[in-house]
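Engineer:
In the numbering used here, the protein residues as written are 1012 to 2107.
Have a look at this one:
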């Protein structure tokens, strides 16, 4: 049994051990054997042996024999225990002295000098009623609590739902001793609570944590009345309800309403319901902006404004989905939630929305439709919702001219969604079957938080013409690069193609507006999590079709018109059949599934039939079906632009521009500055060989084959859609990790009020102690980490507990929303990315320029270097590990995650040499990266760490050698006693015992002793003493602090030069000694020689 009470009490084996100091508890050693029925009065003994035993303190446990009649003395008084009300974390009982003779009940009992309560876990069966005295199990651990002259006990911090045996030992005023028999006691289980009572006291006031004890929240008793005043106490801790902090619900809700009104600029706010105490700020926002119509915890609630939903509440859907609840704000892993805000005026588009949703190749998906209407809601969606559980249809009646904003509807859709990813389907646009798999695949591959299209196809319903829009290219014609604010608003500002992680939308909700709510969402996301967390994707295959019909909330800017032939090859062409998309009265053909491609290789040409938008791998497979092409196809790569050996640079640029859909007018414009660089980079990417998974351009009618040279760098750059000079980390370096949702509180409560939530990213299986290191100074040492566990209510976690996905912390002082600590492998990967970047010649040229600009000023160079890291290196690390980023480009997160200090290099076991080897690997990579970036300050830190790690390695090697010697000596001892009966473990000393605080001489009386740097069995072994060696030192409890000069020179001593040896323990066993964690003994010199035998 693990000790289960608050310190400073001591746990000892029942029936075998004697309490340590103070003397009142120690004097109980003469008590009768436990379980012996009624108490016995024992007169104090004056024998020298008893006095000596009382002075010795902790000693080896000895079996206690039953007391003789002379030892028992005169039997006068018994101790009777009376149990009080049961509680969850408290035992209450009292005791009194009763005379053994019923005729002497009128006698005055003697006064108490001292009382000690003894408790042990009850392992007996309460159903067994054999009238025999209760006896604890032989190996049970007894807990002693001193009560002085009190005759009652209130013992807190007890385990919930457990059975105990309780006894009381008393010392009377005349020095005689008496103890009670063991009686049964128990604590209540939280599973038996009446959950309907909540945390309301008898006056119907909610109560929180207790002011007198560690109780984390008031729990009422059922069936309370003024005649049962005991039930007014807390069921958990037994304290009176008035000692628990009260909660004024009305005042709290009123204050929240006031703040929400100020935040959203509303003079009147719909009164918050009572259960809004548990809501977070986002849920309160949904309630306020919907004027109290939308209840965030149960949106099925009907009112005169909101009709009942066609689907069950969110919690029921998540439970039915199997795992949605456990994912929390991240959503069900792998599921895509498609959100469509709409109104009754756009119901003609609803059938097309459902057709696009059903056509998606993505398997695990759901559609969330949020509609506001004045007179009639969508009959189509209501019918579909009845038959298809994938549709969540939430409809709300609004007054004419008082429609809800698009931003609010998107927030409602996010709240109702259960998927890990969220995709926007505008009701007037078309989305091809590949849309979700393409966009989500790019989002995951590029490790971003959100993605949107930078180019897209449009159809104007009025002119019946197809067009192609490219926000970046449109900016070139204005003389602006992609970093210009106007270009960013064009590229990122169209929400019809947004795909993002649900966690991002939970943390950054949309504004309550109709115009620019999407672009503001992206800007807030980039500001909070970093620029690189939102990426762009160039659509060249028509995975999405944006329509213009005169009622759009935004306009578009086509850079060219699309021919009918190209339109028929777009991915959305099949969905456009029998919809509102038609050109000159004709729809794109539904059966167009192939086209002819010319493949040129080694001066020969082949005609290959393949599907529009086929991949390079599918083209090679089709080519391989033709006779005599197997050798050509083998180990070949596909290019959509003729190789340099087949065409000059001008022809290659023209071909690249044509397959990219860039008009000739753009190529003739003669761009300069940033626009010219961006165009050149785009053309170079088009010239790179395709991966087998890459699709062939719809505008390409001829492709070329080349023998693969084995260099995957170009293919990787083409796949990533980034500059080939961007750094990358080692493959497979990522490990499983956990992102803990930490709710920050200012006090420990039973019903937590809404508080800030931060996320902490740590390696999977991390402990609470590691989480505290991640939070660093923002979580004080005295702060508690709490978790809600089934059947146990709120439980405080220790530093060794594994961190669950959701915890609550008290006294949090930080202001950030994300914290991080890399595992060793992740730290090595991050350093590898930095090293790979600075190994490139162009990076070294940049450093040359920075050093020239710094003019020899080291501090100025470090400033320039930081800017280079923030711009070019840290974003790559952020993408590699899918981090949120921050205003520093991820610099602060990455530096804290690396933790290149004692947390990284010294926090491991003294016997883990594999871990030590990996630490050296990290240190070497760190040194290479700092050397390449010419960071002198970083190299100084590396040298300091290297010195300390080398000292740690030497200490570990010395300890290993000491353990080897000890194991060898122990093995020799085991051979010596092999075949002999176990000898006595008694130690005979001629009445001599060194006094604490006095330096004494000792001789080692056993084969080997381990010397440690701290007085703990977890202390690092730093040497070994052998039999017959004499040492000097001070006795400190069970440990001897060595003062021997020779011993003090051992490697690895503590900073104060102190060394320790375990001098007293329960027993000495060879098996324990061989494990190097066990006790040994030292014996004082002088008088009769010490005698010690092993107990094998």
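A virtual CB, placed ideally from N, CA and C, is assigned to each residue, including glycine.
None of these values were measured; they are calculated from a predicted model.
1) Is DSSP giving residue 1696 helix, strand or coil here?
2) DSSP has residue 1837 in a bridge; who is on the other side?
3) Measuring straight from C-alpha to C-alpha, what distance separates residue 1951 and residue 1938?
4) For residue 1488 and residue 1692, I'd like the C-alpha separation in whole angstroms.
5) If we count Cβ pairs, one from each stretch, closer than 8 Å, do we get three or more for the region 1685-1700 versus the region 1568-1582?
6) Could you spell out the range, first to last residue, of the alpha helix (DSSP H) harbouring residue 1865?
7) Between residue 1450 and residue 1548, which are expected to be in contact by the criterion C-beta below 8 Å, what is the C-beta distance as a whole number of angstroms?
8) Per the contact definition of three or more C-beta pairs closer than 8 Å, is the region 1459-1471 in contact with the region 1376-1383?
9) Here's a check: name, in chain order, each residue in its chain whose Cβ is nearer than 6 Å to the Cβ of residue 1411, leaving out the five neighbours to either side.
10) Under the three-state reduction of DSSP, which class applies to residue 1253: helix, strand or coil?
11) Three Cβ pairs or more, each shorter than 8 Å: is that satisfied between the region 1882-1889 and the region 1902-1913?
12) Could you give the first and the last residue of the continuous alpha helix (DSSP H) run that contains residue 1814?
13) Are residue 1592 and residue 1441 closer than 8 Å when you measure CB to CB?
14) Between the C-alpha atoms of residue 1179 and residue 1225, what's the straight-line distance to the nearest angstrom?
15) Residue 1458 to residue 1370, Cα distance in whole Å?
16) In the structure shown, what three-state DSSP assignment does residue 1684 receive?
17) Answer with buried or exposed for residue 1820, where buried requires no fewer than 16 other C-beta atoms within 10 angstroms of its C-beta.
18) Once you ignore the five residues that flank residue 2022 on each side, which residues in its own chain have a CB closer than 8 Å to its CB?
19) Whole angstroms are fine: how far does the CA of residue 1129 sit from the CA of residue 2046?
20) Hey, how far is the Cα of residue 1989 from the Cα of residue 2020?
21) Work out the CA separation of residue 1656 and residue 1649 for me, nearest whole Å.
22) With a CB to CB cut of under 7 Å and the five nearest residues on each side skipped, what residues in its chain are close to residue 954?
23) Ignoring anything shorter than 4 residues or poking outside the region 1502-1548, list the alpha helix (DSSP H) runs there in chain order.
24) Identify whether residue 2126 lies in helix, strand or coil by the three-state DSSP scheme.
25) Pick helix, strand or coil for residue 1384, following the three-state DSSP scheme.
26) Going by C-alpha distance, which of 1927, 1856, 1426, 1624 is nearest residue 2122?
27) Which value, in whole angstroms, describes the spacing of the CA atoms of residue 1136 and residue 1166?
28) Would you say residue 1232 and residue 1247 are within 8 Å of each other, going by their C-beta atoms?
29) Out of 1230, 1427, 1848, 1833, which has the shortest C-alpha to C-alpha gap to residue 1942?
30) Go through the region 1246-1303 residue by residue and report every complete run of the beta strand (DSSP E) that reaches 3 residues or more, in order.
31) How would you label residue 1520, buried or exposed, when you count the other beta carbons within 10 angstroms and need 16 or more for buried?
32) Quickly, what does DSSP pair residue 1352 with across the bridge? List them, please.
33) Output the distance between the C-alpha atoms of residue 1514 and residue 1533, rounded to the nearest integer angstrom.
34) If you compare alpha carbons, which of 1645, 1823, 1799 is closest to residue 1815?
35) Who pairs with residue 1621 in a beta bridge, going by DSSP?
36) Kindly list the residues whose CB is nearer than 8 Å to the CB of residue 1001, restricted to its own chain and excluding five residues on each side of it in sequence; keep chain order.
Structural biologist: The relevant details are as follows:
1) Sequence index remark: in the chain shown, residue 1696 carries index 685 (1-based). Here residue 1696 carries a helix assignment [DSSP, helix/strand/coil].
2) Here residue 1837 is taken as the residue at index 826 of the chain shown, counted from 1. In the DSSP output, where bridge partners are listed per residue, residue 1837 has none listed.
3) Numbered from its first residue, the chain shown carries residue 1951 at position 940. Numbered from its first residue, the chain shown carries residue 1938 at position 927. Cα atoms of residue 1951 and residue 1938: separation of roughly 10 Å, rounded to the nearest angstrom.
4) The residue labelled residue 1488 in the question sits at position 477 within the chain shown. The residue labelled residue 1692 in the question sits at position 681 within the chain shown. For residue 1488 and residue 1692, the distance between alpha carbons rounds to 17 Å.
5) No, the region 1685-1700 is not in contact with the region 1568-1582.
6) Walking along the chain shown from the start, residue 1865 turns up at place 854. Per DSSP, residue 1865 belongs to the alpha helix (DSSP H) from 1852-1865.
7) Counted from its first residue, the chain shown places residue 1450 at position 439. Counted from its first residue, the chain shown places residue 1548 at position 537. Under the criterion of beta carbons closer than 8 Å, residue 1450 and residue 1548 qualify as touching, at roughly 7 Å.
8) The region 1376-1383, when compared against the region 1459-1471, does not touch it at the 8 Å Cβ threshold.
9) In the chain shown, counting from the first residue as 1, residue 1411 sits at position 400. 1385, listed in sequence order.
10) The residue you call residue 1253 lines up with position 242 of the chain shown. Here residue 1253 carries a helix assignment [DSSP, helix/strand/coil].
11) By the criterion of at least three beta-carbon pairs nearer than 8 Å, the region 1882-1889 is in contact with the region 1902-1913.
12) Locating residue 1814 in the chain shown gives position 803, counting from the first residue. Element bounds for residue 1814: n/a, residue is neither H nor E.
13) Here residue 1592 is taken as the residue at index 581 of the chain shown, counted from 1. Here residue 1441 is taken as the residue at index 430 of the chain shown, counted from 1. Yes, they are a contact pair.
14) For the purposes of this step, residue 1179 is taken as the residue at position 168 of the chain shown. For the purposes of this step, residue 1225 is taken as the residue at position 214 of the chain shown. Distance between the alpha carbons of residue 1179 and residue 1225 is about 25 Å.
15) Sequence index remark: in the chain shown, residue 1458 carries index 447 (1-based). Sequence index remark: in the chain shown, residue 1370 carries index 359 (1-based). Spanning the two alpha carbons is a distance of roughly 26 Å.
16) Sequence index remark: in the chain shown, residue 1684 carries index 673 (1-based). Helix, per DSSP.
17) Position 809 of the chain shown, counting from 1, holds the residue named residue 1820. It is buried - the Cβ of residue 1820 has at least 16 other Cβ atoms within 10 Å.
18) As a working mapping, residue 2022 is identified with position 1011 in the chain shown. Apart from the 5 residues on each side of it in sequence, residue 2022 sits with its Cβ closer than 8 Å to the Cβ of 1973, 2032, 2033, 2034, 2035, 2036, 2053, 2058, 2061, 2070, 2071, 2072 in its chain, given in chain order.
19) Translated into positions along the chain shown, residue 2046 becomes position 1035. Translated into positions along the chain shown, residue 1129 becomes position 118. When only Cα atoms are considered, residue 2046 and residue 1129 end up about 30 Å apart.
20) As a first step, residue 1989 is located in the chain shown; it is residue number 978 there, counting from the start. As a first step, residue 2020 is located in the chain shown; it is residue number 1009 there, counting from the start. Confidence is the limiting factor: at residue 1989 the pLDDT is only 44, short of 50, which leaves the residue's position unreliable and the question unanswerable from this model.
21) Within the chain shown, numbered from 1, the residue matching residue 1649 stands at position 638. Within the chain shown, numbered from 1, the residue matching residue 1656 stands at position 645. Using only the alpha carbons, I get a separation of about 15 Å.
22) Residue 954 is absent from the model: the chain starts at 1012 and stops at 2107.
23) 1513-1518, 1528-1540, all fully within the region 1502-1548.
24) This structure cannot speak to residue 2126, because the chain is shown only from 1012 to 2107.
25) In the chain shown, the residue the question calls residue 1384 occupies position 373. In the three-state reduction of the DSSP assignment, residue 1384 falls in the strand class, which pools E and B.
26) With the chain represented from 1012 up to 2107, any question about residue 2122 goes unanswered, as that position is not in the structure.
27) Counting from 1 along the chain shown, the entry for residue 1136 is found at position 125. Counting from 1 along the chain shown, the entry for residue 1166 is found at position 155. Computed Cα separation, rounded: 24 Å.
28) In the chain shown, residue 1232 corresponds to position 221, counting from 1. In the chain shown, residue 1247 corresponds to position 236, counting from 1. No.
29) By one-based count along the chain shown, residue 1942 stands at place 931. Selection 1230, 1427, 1848, 1833 evaluated against residue 1942 yields 1848 as nearest (Cα-Cα).
30) List check, beta strand (DSSP E) in window: 1255-1258.
31) In the chain shown, the residue the question calls residue 1520 occupies position 509. Buried, by the Cβ-count rule.
32) Against the chain shown, residue 1352 aligns to sequence position 341. Paired residue(s): 1381.
33) Within the chain shown, numbered from 1, the residue matching residue 1514 stands at position 503. Within the chain shown, numbered from 1, the residue matching residue 1533 stands at position 522. For residue 1514 and residue 1533, the distance between alpha carbons rounds to 14 Å.
34) Along the chain shown, one-based indexing puts residue 1815 at 804. For residue 1815, the nearest C-alpha among the options comes from 1799.
35) Along the chain shown, read from residue 1 onward, the residue named residue 1621 stands at position 610. Answer is 1606.
36) Because the chain here runs from 1012 to 2107, residue 1001 falls outside it and cannot be looked at.
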